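Going down the list, the sequences are from chains A and B. Quick note: the first sequence, position 145, residue 145 per our numbering, numbers continuous. Going from the second sequence to our numbering is simple: count from 1 and add 223. Taking it in order: structure first as structure tokens, then the write-up.
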Amino acid sequence: MSKKEILVLEELLGSNKKIAAEIRKKLEEKGILTINLLSSPGAGKTTLLEKMAEKLKADYRMAVIEGDIETEKDAERIRAKGIPAWQIITGGACHLEAKMVGKLFPEIPADLDFLFIENVGNLVCPASYDLGENIRCVLLSTPEGDDKPKKYPKAFTTSDCLIITKSDLMPVLPFDLEYACKEALEVNPNLKIFVTSALKETGIDEWVEHLVSALHELRQKNA
Amino acid sequence: MSTSSPLSTNCGRRMHELSIIASLFEILEEKAKEQKAKKIVSVKLKVGALSGVVPEFLKTSFDIYKKETIASGAELEIEEVPLKVQCQKCGAEITKDDFIFICEKCASRELKTLSGTELLLEKIELEL
């Protein structure tokens, strides 16, 4: 009997990263911009997507991958807007992984402009998993409180955009917008921040414009 | 994720650490096979402060998962790696105990992360 030590130096999430990189490459080749939406449950991811559907439908083709622990409810809401949607039911898992997205790959139409992935509502675990997105976006709803960026740093440090949702509730909540933005920019100075209300339809156009310009950049890179 | 474990479908309810441990076991089984090892005696991970995982939960998950595997008697060692950044303006290297990306010396926000985001299997000890 002999013992042997071997140096491995492998990333534990290396296989997820590899699959994510393949997904990103394939989608980019098709000129599809992919957006991964992260937030706690109830922050308004699906409602934002419903609004996106209304804004983008006339000029662009979008589709949505919905991640939830149970039920097909979110995909049904998106389909009701005339948008193709697939539901991944994780059956308990707290996050989506790249291989779950990869399995849907054959069903994704090649002529899409935007592919949105709505992650499982959770501000912790989804932050560790690259899904092959071009833009990662974290949502923070005003009722959750303005102190979340430093409490859940990974979700904010790994995101490209922060969307503050339910801004219409600010007058009745102790939510300090300036403080929330300051806290978020301290954990990630590169965050692009959008302040939105789906109910009052404010701030959504700026977010749409941001995505459209990112799509053009991607297509220019391809050309 | 291994489908052989009865816990694999349940992992989410225990947060994502068990799912990460399942990925670890995929690598461990592959390495043990490559080396024709009888047992895995010890496993060492490097876990960054900004890796998004809790070392304590990794240990618990490891102990649950290892039963009836090649690593059933293995010890898990975790080296916690602090978040270390370098200011791109003044060059200061700072070990942070918070996640505020502002240089403490010159207040610049251009900081490069040197370490602290890793989630790495560093080495294993095998019995041949």
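Quick reminder that beta carbons are idealized off the backbone N, C-alpha and C, glycines included. On a predicted model such as this, the values are computed, not experimentally measured, just so you know.
Interface residues of the stretch 7 to 18 of chain A facing chain B [CB-CB below 7 Å]: So the list reads L7, V8, L9, E10, E11, L12, L13, S15, given in the order they occur along the chain.
Residue from A:K17, A:V101, A:E72 with nearest C-alpha to E341 of chain B: Restricting attention to A:K17, A:V101, A:E72, the CA atom closest to the CA of E341 of chain B is found in A:K17.
Check whether A98 of chain A and A127 of chain A have beta carbons under 8 Å apart: Their beta carbons are not under 8 Å apart, which means A98 of chain A does not touch A127 of chain A by this criterion.
Residue burial classification, K200 of chain A (beta-carbon count within 10 angstroms, cutoff 16): So K200 of chain A counts as exposed.
Residues near I19 of chain A in its chain [Cβ-Cβ closer than 6 Å; skip 5 each side]: Answer for I19 of chain A: A98, K99, G102, listed in chain order.
The stretch 332 to 349 of chain B in contact with the stretch 271 to 285 of chain B per 3-pair CB rule at 8 Å: Because the criterion of three Cβ pairs below 8 Å is met, the stretch 332 to 349 of chain B and the stretch 271 to 285 of chain B touch.
Chain B contact residues for P189 of chain A, given Cβ-Cβ distances below 7 Å: Neighbours of P189 of chain A on chain B, chain order: F324, R332.
Expected contact under 8 Å - CB spacing of G235 of chain A and G42 of chain A to nearest Å: Summary: the structure shown does not reach residue 235 of chain A, with chain A confined to residues 1 through 223, and so no result is reported for it.
For Q220 of chain A, three-class secondary structure by DSSP: For Q220 of chain A, the three-state secondary structure derived from DSSP is helix.
When A:L218, A:I35, A:P143 are compared against W207 of chain A, the one with the closest alpha-carbon: Relative to W207 of chain A, the option among A:L218, A:I35, A:P143 whose CA is nearest is A:I35.
Proximal residues of chain B, C-beta to C-beta of S128 of chain A below 8 Å: When 8 Å is used as the limit between beta carbons, S128 of chain A is near these residues of chain B: H239, I243, S274, G275, V276, L342, in chain order.
7 Å CB neighbourhood of L9 of chain A in its chain, flanking five on each side removed: Hits under 7 Å: none found.
Close beta carbons around E186 of chain A, own chain, < 8 Å, minus the five adjacent residues each side: Residues P149, K150 of the same chain have their beta carbon placed closer than 8 Å to that of E186 of chain A, with the five preceding and five following residues left out of the count.
Contacts of M1 of chain A in chain B (Cβ-Cβ under 9 Å): What M1 of chain A touches in chain B: K261, E350, L351.
Contact list for I293 of chain B against chain A, beta-carbon separation under 8 Å: The contacting residues do not exist; I293 of chain B stays about 14 Å from chain A at best.
Exposure of Q87 of chain A, with buried meaning 16 or more beta-carbon neighbours within 10 Å: Looking at its Cβ environment, which holds 16 or more other Cβ atoms inside 10 Å, Q87 of chain A is buried.
Start and end residues, beta strand (DSSP E) containing L27 of chain A: Secondary structure note for L27 of chain A: it is in no beta strand (DSSP E), and the uninterrupted alpha helix (DSSP H) holding it is 14 to 29.
When A:I23, A:V195, A:F194 are compared against F105 of chain A, the one with the closest alpha-carbon: When only C-alpha atoms are compared, the closest one is A:I23.
Opposing strand residues paired with K267 of chain B [DSSP bridges]: DSSP output for K267 of chain B lists B:E300, B:K346 as bridge partner(s).
Bridge-paired residues (DSSP) for N36 of chain A: Within the DSSP bridge table, the entry for N36 of chain A names A:I117, A:R136 as partners.
Within the stretch 27 to 98 of chain A, ranges of the beta strand (DSSP E) (whole runs, at least 3 residues): Listed in chain order, they are 33 to 38, 62 to 68, 85 to 89.
Nearest neighbour of P305 of chain B, chosen from B:K259, B:A330, B:F322, B:Q258 [CA to CA]: Among B:K259, B:A330, B:F322, B:Q258, the Cα nearest to that of P305 of chain B belongs to B:F322.
Beta-carbon neighbours of L247 of chain B, restricted to chain A and to distances below 8 Å: Ordered by position in chain A, the residues that pass the 8 Å Cβ test against L247 of chain B are L12.
6 Å CB neighbourhood of T318 of chain B in its chain, flanking five on each side removed: The beta carbon of T318 of chain B sits closer than 6 Å to the beta carbons of P305, K307 from its chain, once the five residues preceding and following it are set aside; these are given in chain order.
CA-to-CA distance, L351 of chain B to A260 of chain B, given in whole angstroms: Computed Cα separation, rounded: 4 Å.
Contact set between the stretch 153 to 172 of chain A and chain B, restricted to residues whose Cβ is under 9 Å from the partner: Taking 9 Å as the Cβ-Cβ cut-off against chain B, the residues of the stretch 153 to 172 of chain A that qualify are P153, K154, A155, F156, T157, T158.
K192 of chain A versus T157 of chain A: straight-line alpha-carbon distance, rounded: Straight-line Cα distance between these residues: approximately 12 Å.
Alpha-carbon to alpha-carbon, E133 of chain A and C356 of chain B: A question about residue 356 of chain B goes unanswered here, because the residues of chain B that appear run from 224 up to 351.
Selection from B:F280, B:T336, B:I263, B:L337 that minimises the alpha carbon distance to T292 of chain B: When only C-alpha atoms are compared, the closest one is B:I263.
Reduced DSSP category for I204 of chain A - H, G, I as helix; E, B as strand; rest coil: Three-state DSSP puts I204 of chain A in a helix.
Opening and closing residue of the alpha helix (DSSP H) in which L247 of chain B lies: First-last of the alpha helix (DSSP H) with L247 of chain B: 240 to 257.
Between the CA atoms of P109 of chain A and L27 of chain A - distance to the nearest angstrom: If I take the Cα positions, the gap works out to 10 Å.
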